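Start counting at 1 in the sequence shown, then tack on 19, and there's your number in the numbering used here. Ideal Cβ positions, reconstructed from N, Cα and C, are used throughout, including at glycine. Keep in mind that this is a model prediction, so the values were computed, not measured. A quick write-up on the structure given underneath.
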Amino acid sequence: MAGMAELVRGHWTRGEPGRDAPSELVVALYRWWVVAMAFKIAGATWDICWHFKWLRDDLAPPHLINTVGTVIVVGLVVFHTYTGIGVDRATLRWMQWGLGIFLVAAPLDVINHRVNGLDITAWSPSHALLYIGTGLMSIGLIRGWAQHGRGDRYFHPITCFLWFTVLDNFLFLNQHQEYGVLGLAAWDRGTPYAEDILLQFAADDLGRPLDRVAVEHFTLPVPDWVYPSWAVLTGLGTLLLARRLVGSRWTATTIAAGYLAFRCVAWGLLAAADFPISTVPFFLLAGAVAIDLSFQLAARIRPLVGAVAVTAVSYAALSLQQTYLAAPPSDYWSAVYVVVLFAGLWWFLQFLLDTGVWQRLVSRGQTTTGARESTTPRP
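In structure tokens:
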């Protein structure tokens with residue numbers, strides 16, 4: 020640690036993006052990004068179940084945990100910006116725009132809650148800005164790590180984790196339904212998770228007495244077609260892109276399994292602490308396996324064939340989960356248009372990657388300098 024602190028101090032001088040620096044310093048910066056994103060994900064995971072139990076509290080522990088991650092991110096972006104180390108211009112722009120949007124969205128969200136109380140849904144405009152900001156930062160991270168982390172012994176695990184952050188960011192919205200379906204069941208049993216003031220807020224939002232309709236409005240606020248459509252198009256769409264860019268045989272399955280393992284651990288910890296629990300989207304694993312097998316069985320499988328296979332397997336797995344475990348209510352007829360949209364997404368990604376358009380886009384802003392090897396051992 021002392022040696023790393025010395026490296027940081029020794030390179031705290033103004034520089035342009037792409038500046039030459041020891042590889043151990045650059046790798047250490049990206050490992051700190053992993054720490055920061057882990058704090059942010061942990062805080063966000065706790066936050067959503069917190070708001071299924073209590074009304075909003077700005078200084079709630081989940082917010083403080085998320086803030087720790089955000090503070091680390093601010094420090095890292097400042098370091099990248101001032102020194103130019105570990106990033107090219109394009110990577111730095113992704114990080115700066117992502118952080119900027121997030122920092123603008125955070126006070127807007129606070130103001131929104133001051134005026135309107137707890138958002139009745141995770142799908143609000145102020146929340147959307149938070150997701151967009153985090154997503155842009157993750158894109159910059161993946162891009163920068165791909166350029167600078169290849170010599171690190173943890174390159175592949177960190178790559179999978181960074182894609183995990185994108186997947187978690189997209190699927191966070193679906194967690195409202197995943198908590199909601201069990202929250203509504205708890206109300207029906209006469210043992211609601213939420214405190215009375217939160218349930219009354221849901222009723223007041225509708226302008227009606229506190230009854231099942233009001234609780235359902237709070238717990239399951241979006242139409243039934245949203246949950247499976249969003250899971251396939253954004254969740255599995257992320258895994259499709261990750262599989263193509265990373266290139267390892269079981270990339271999609273590995274990332275999905277890691278995400279589900281994290282959700283299971285979080286489920287156990289929250290249940291032990293007497294917090295509300297959610298369903299876990301195990302059906303995504305079937306879709307991830309279908310993506311990996313599609314690439315293994317045919318190097319250039321047609322997008323429509325692949326989309327049909329992935330969508331059919333995912334919806335079938337969701338139906339089984341809903342029958343034998345638990346899952347949010349879903350409109351299975353949505354598969355008709357989801358398969359078309361997923362095929363279009365597959366074709367579009369294939370076009371970008373096979374024609375070289377993607378490479379031209381991601382290579383903008385690259386410089387010929389960057390991390391250099393050092394004779395000192397890596398941390």
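With a 10 Å radius around the Cβ and a threshold of 16 neighbouring Cβ atoms, Ile216 comes out exposed. If you check the CB distance, Val308 and Val358 do not come in under 8 Å.
Bounds of any alpha helix (DSSP H) do not take in Tyr351, whose DSSP letter is neither H nor E. Closest in alpha carbon position to Thr32, among Ala61, Tyr101, Val45 and Trp69, is Tyr101. Inter-segment contact for the stretch 336-345 and the stretch 363-376 is absent: fewer than three beta-carbon pairs are separated by less than 8 Å.
In this structure Cys283 is exposed. Its beta-carbon is surrounded by fewer than 16 other beta-carbon atoms within 10 angstroms.
DSSP lists Ile104 as the bridge partner or partners of Arg38. For Leu364 and Gly256, the gap between their C-alpha atoms comes out near 7 Å. Just measuring C-alpha positions, the residue of Trp52, Val129, Pro81 and His167 sitting nearest Gly94 is Trp52. The alpha helix (DSSP H) runs of length 4 or more contained entirely in the stretch 24-100 are, from start to end of the chain, 42-69. CA-to-CA, the gap between Phe314 and Asp293 works out to about 43 Å.
With contacts defined by Cβ atoms closer than 8 Å, Ile120 and Gly152 form a contacting pair.
Distance from the CA of Tyr351 to the CA of Tyr173, rounded to the nearest whole angstrom, comes to 40 Å. Using a Cβ distance threshold of 8 Å, Trp244 and Asp311 do not count as a contacting pair. Secondary structure note for Ala345: it is in no alpha helix (DSSP H), with a DSSP letter that is neither H nor E. Put simply, of Leu118, Ala63 and Tyr212 the residue whose alpha carbon is nearest the alpha carbon of Gly154 is Leu118. Taking C-beta separations shorter than 7 Å and ignoring five residues to either side along the sequence, the partners of Leu181 in its chain run Ser157, Leu160, Ile161 and Trp164, following chain order. Taking a C-beta distance under 8 Å as the contact criterion, Val251 and Ser349 do not qualify as a contact pair.
One Cα belongs to Arg227, the other to His70, and the distance between them is close to 21 Å. In this structure, the CA atom of Arg262 is about 5 Å from the CA atom of Ala271.
Annotation note: the stretch 196-225 contains no uninterrupted beta strand (DSSP E) run of length 3 or greater. With a threshold of 16 other beta carbon atoms within 10 Å, Leu337 meets it and is buried. By alpha-carbon distance to Phe361, the top candidate from Val90, Pro247 and Ser143 is Pro247.
At least 8 Å separates the beta-carbon of Gly199 from that of Thr253. Distance check between Lys72 and each of Ile296, Gly209, Asn193 and Asp207 places Ile296 closest, using alpha-carbon atoms only. Below 8 Å, too few C-beta pairs join the stretch 142-152 and the stretch 199-211 to call them touching: fewer than three. A direct Cα-Cα distance of roughly 18 Å separates Pro211 from Asp224. Counting along the chain, Pro240 sits inside no alpha helix (DSSP H), nor does DSSP assign it H or E at all. In the structure shown, Ile296 adopts coil according to DSSP, grouped into three states.
Taking 4 residues as the minimum length, the alpha helix (DSSP H) runs contained wholly in the stretch 146-201 are 174-190, in order along the chain.
In the three-state reduction of the DSSP assignment, Ser143 falls in the coil class. Nearest to Asp171 by C-alpha distance, out of Ala24, Ser42, Leu323 and Phe367, is Ser42. Residue nearest to His99 within the set Leu48, Leu258, Met56 and Arg169 is Leu48 (criterion: CA-CA distance).
Across the structure, Val87 and Ala55 are spaced so that their CA atoms are roughly 7 Å apart. In this structure, the straight-line span from the alpha carbon of Val329 to that of Leu316 is close to 13 Å.
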